[in-house]
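To keep things clear, I will list the structure first and then write my remarks on it.
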Amino acid sequence: MREIVVCPRFLFSYHTSMSDLQLVINDPAKLDFRVHRAAMVDPRILEQEMRRIFDRCWIYAGHASEVREPGDFVTRTLCGRPIILCRDSGGEIRVFLNVCRHRGAVVCRERKGNAKGYYCFYHGWSYDRDGCLDGVPGQSSYPASFDRKQLGLASPPHVDSYRGFVFVSFDPDAQPLRDYLAGAKEYLDLVVDQSPTGEMEIIRGTQEYAIRANWKLLVENSFDDYHLMSTHSTWLNYMKKSGVEIPKPPKGHVMPSHGVGKALGNGHAVIDNENFRGRPVAKWIAIYGEDAKPEIERIRSEVFARLGEERARRVCDTNRNLVIFPNLVVNDGSSVTIRTFHPTAPDRMEVTAWALGPKGESPKARAVRLDSFLTFYGPGGFATPDDVEALESVQQGMQAWREIPWSVMTRGIDKEGEQLNTDELHLREFWVHWDRYMAAPGTLAQEQAR
Amino acid sequence: MTRAEAEDFLYHEAALLDAWKLDEWLALLTEDARYLVPSNDAPEGEPGATLYTIADDIHRIRGRVTRLKDPQAHAEFPHSRTRRMITNVRIVGGDGGESIVEANFVVHRFRRNEQVSQFVGRYRYTLRMVEGKTRIARREAILDAQELGSLGAVSFIL
């Protein structure tokens, strides 16, 4: 029986069957977990995601190493808004909305650089490094109530960072960043602990590319190890041909080595795997070349001496693909990549990816890191283009959502205890929290006022 | 090397790539060849210190060809159709047996469902005479786009 129903979840009429009211079916008693494919195609859902998820969560803005000196800046688009990430005259990291307070033009149109201040060419208003309005041509024509102090560059309600990772929240009522990150902090620590100085840095060169697929499909893909053997067989073959030993999957496994999926709270989740694919910090594999062996061994010794055996083994001998809800991925595998993405349409997202490495890394180690990065990751790698193809293929399939409304996500759901990296606990964690945010109470008026 | 010789060579290479004759293309490369596509925001980088889109040595170039011939290279299966336009060929340097050759390119890429894209940029080649034949020691494809954006991936040989 089909009928027109008003779905309070979406605040709009939805032509659907009654059973389709929920977008995420989470019924552990019946061992059922399904995601409705309308969530990947409906523009009204995207609009609600922008208000209820992207405007409420902590969103990755950039890395402290991108702006080292007072006046350094980078500009980018975050949740649809133009922003400036910069260091002010006192050396503090700031995030400004890249918007003139007068009429709204952007005040910085360069990708990055070092600025004495920011200047709106439209009518000539200028702002200093700290965002204060310091120049208004013809100010005498404004009334006495005109107050330059009230008209500095605006910032999002919250800006904070954790170990170099800078986040903003557009929600005035956001919880503190450290609370929000929950169990993801420990995994960021494992990434940053690779560095003897305790500091990581973004390496020059940015990969920015669009994918014709819904943004949530990239969340799933970024820590879905179930797809690795079938989607990435050409990469595995190349590794084998390069002398890298790829073990046969242990009993009950799909992947060559043991790994688990874990929920980290607040929608963050991770896969945590025994390494078989090499790590610049620090597990040598044949593809790095014999000449790199002493350097990788030296790095490994330093980590063991600094962190002790147990933690050093975690840093050096395990991989982690970490998703910080909703749109930050840190893949600490063949290399370290930071990847964030923003939807521009239900079937399109813009991805930005960087390579991250220890500050002060030797030129040899840096070269190994970048080479290892490119074998797998990025738009010219041996794996990422096939991921993109998979996501775009899924998006095409989503067009038949009326006939095939549900995606099945039940791997591992009947298990007690440990969940494998090829199970789907971590994907379910994302979707449960997505559903929670989307269901948050609010009237249409409140939504529009946000 | 004269400009006419360089043009003939580049046109021949382009024809092989457009025809997906990848093994014949490989035979044009030297044993120490490199194939580079810099990140769009760092066109003047150095592969050991800067993140590229592609920074292959000969081993990975051969691996790339093996991969592209495998139907499991999903991003290029079925293969894209490509059509390369190469112009403004100039000999800009070189000595002894090597010539540095630059050229402008437009590579049109076609996939099903009207997925049409244009990769526009500049090639920079190091061509070397090996046993009387012209061979590619280094080919760098520097894209003009400010970001890859809707071009998506560089999954074929650009």
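These protein sequences, in sequence, are chains X and Z. Numbered according to our numbering, the first sequence spans residues 1 to 450. Numbered according to our numbering, the second sequence spans residues 451 to 608. Each residue gets a CB set at the ideal place from its N, CA and C atoms; glycine is no exception.
Original post:
Nearest to LYS116 of chain X by CA position, among X:GLY71, X:PRO82, X:SER141, is which residue?
Top reply: Cα-wise, what sits closest to LYS116 of chain X is X:GLY71.
Subject >> Partner residues on chain Z for PRO385 of chain X, Cβ-Cβ distance less than 7 angstroms >> reply: Going along chain Z in sequence order, the residues near PRO385 of chain X (Cβ under 7 angstroms) are ALA525, ALA603, SER605.
Original post:
Near TRP431 of chain X, what residues of its chain come up, given a Cβ to Cβ distance below 6 angstroms and the 5 sequence neighbours on each side ignored?
Top reply: Beyond the five residues adjoining it in sequence on each side, TRP431 of chain X comes within less than 6 angstroms, by CB distance, of VAL24, VAL35 in the same chain, given in chain order.
Original post:
Going along the segment 557 to 583 of chain Z in order, which residues come within less than 7 angstroms of chain X, judged by CB to CB distance?
Top reply: Taking a C-beta cut-off of 7 angstroms against chain X, none of the residues of the segment 557 to 583 of chain Z qualify.
Subject >> Proximity winner among Z:ASP506, Z:HIS558, Z:ASP594, relative to LEU476 of chain Z (alpha-carbon distances) >> reply: Closest by alpha carbon: Z:ASP506.
Original post:
Can you tell me whether DSSP reads THR231 of chain X as helix, strand or coil?
Top reply: Annotated three-state conformation of THR231 of chain X is helix, per DSSP.
Original post:
Identify the residues that DSSP records as bridge partners of TYR575 of chain Z: which are they?
Top reply: Per DSSP, Z:VAL551, Z:ARG589.
Original post:
Between ASP55 of chain X and GLY498 of chain Z, what straight-line distance do the alpha-carbon atoms span, to the nearest angstrom?
Top reply: Approximately 39 angstroms, taken between the alpha carbons.
Subject >> alpha helix (DSSP H) segments (min. 4 residues) lying fully within the segment 281 to 319 of chain X >> reply: Taking only runs of at least 4 residues, the alpha helix (DSSP H) segments lying wholly in the segment 281 to 319 of chain X are 293 to 307, 309 to 317.
Subject >> Beta-carbon neighbours of ASN554 of chain Z, restricted to chain X and to distances below 7 angstroms >> reply: Neighbours of ASN554 of chain Z on chain X: none; closest Cβ ~21 angstroms, over 7 angstroms.
Original post:
Given that a residue counts as buried once 16 or more other Cβ atoms are within 10 Å of its Cβ, and exposed if not, what is GLN419 of chain X?
Top reply: Counting other Cβ atoms within 10 Å of its Cβ, GLN419 of chain X reaches 16 or more and is therefore classed as buried.
Original post:
Start and end of the beta strand (DSSP E) containing GLY261 of chain X?
Top reply: Judged by DSSP secondary structure, GLY261 of chain X falls within the beta strand (DSSP E) whose first and last residues are 259 to 265.
Original post:
Is the CB of ASN98 of chain X under 9 angstroms away from at least one CB in chain Z?
Top reply: Under the 9 angstroms criterion on CB atoms, ASN98 of chain X is classed as non-interfacial with respect to chain Z.
Original post:
So which residues on chain Z does ARG311 of chain X lean against when the C-beta distance must stay under 7 angstroms?
Top reply: Correct list: empty, because the minimum Cβ distance to chain Z is about 28 angstroms.
**OP:** Let me know if GLU245 of chain X comes out buried or exposed under the rule of 16 or more other beta-carbons within 10 Å of its beta-carbon.
**Re:** So GLU245 of chain X ends up on the exposed side.
**OP:** Report, in whole angstroms, the separation of the C-beta atoms of MET200 of chain X and LEU356 of chain X, which I expect to be a contact under 8 angstroms.
**Re:** So it is a contact: roughly 5 angstroms between Cβ atoms.
Original post:
Residues in its own chain within less than 6 angstroms of SER530 of chain Z by CB, not counting five upstream and five downstream?
Top reply: So the qualifying residues of the chain are ARG559, ARG561, PHE606.
**OP:** Let me know if ASP173 of chain X comes out buried or exposed under the rule of 16 or more other beta-carbons within 10 Å of its beta-carbon.
**Re:** Around the beta carbon of ASP173 of chain X, fewer than 16 other beta carbons lie within 10 angstroms, which makes this residue exposed.
Original post:
Quick one: does PRO528 of chain Z have its CB under 9 angstroms from some CB of chain X?
Top reply: Cβ-Cβ to chain X under 9 angstroms: no for PRO528 of chain Z.
Original post:
Whose Cβ in chain Z lies nearer than 7 angstroms to the Cβ of SER233 of chain X?
Top reply: Think of a sphere of 7 angstroms around the beta carbon of SER233 of chain X: the chain Z residues whose beta carbon falls inside it are GLN522, in chain order.
Original post:
For GLU352 of chain X, which three-state DSSP category applies?
Top reply: Note that residue 352 of chain X corresponds to Thr in the displayed sequence, not to Glu. Strand.
**OP:** Compare the Cα-Cα distances from LEU322 of chain X to each of X:GLN207, X:ALA184, X:TYR142, X:ASP42 and report the closest residue.
**Re:** For the residues X:GLN207, X:ALA184, X:TYR142, X:ASP42, the minimum Cα distance to LEU322 of chain X belongs to X:ALA184.
Original post:
Which first and last residues belong to the alpha helix (DSSP H) in which MET438 of chain X is found?
Top reply: If you look at MET438 of chain X, you'll find it in the alpha helix (DSSP H) that goes 425 to 438.
**OP:** For THR206 of chain X, return the contacting residues in chain Z, with the cut-off set at a CB-CB distance below 8 angstroms.
**Re:** Proximity of chain Z to THR206 of chain X at the Cβ level (cut-off 8 angstroms) is accounted for by SER489, ASN490, ASP491, ALA492, LEU501, GLU597, in chain order.
Subject >> For LEU460 of chain Z and ARG540 of chain Z, the rounded distance between their alpha carbons >> reply: When only Cα atoms are considered, ARG540 of chain Z and LEU460 of chain Z end up about 11 angstroms apart.
Subject >> Nearest-angstrom Cβ-Cβ length linking ASP380 of chain X and ILE511 of chain Z, presumed shorter than 8 angstroms >> reply: One detail in the question is off: residue 380 of chain X reads as Gly in this sequence, not Asp. Actually they do not touch by this definition, with Cβ atoms about 12 angstroms apart.
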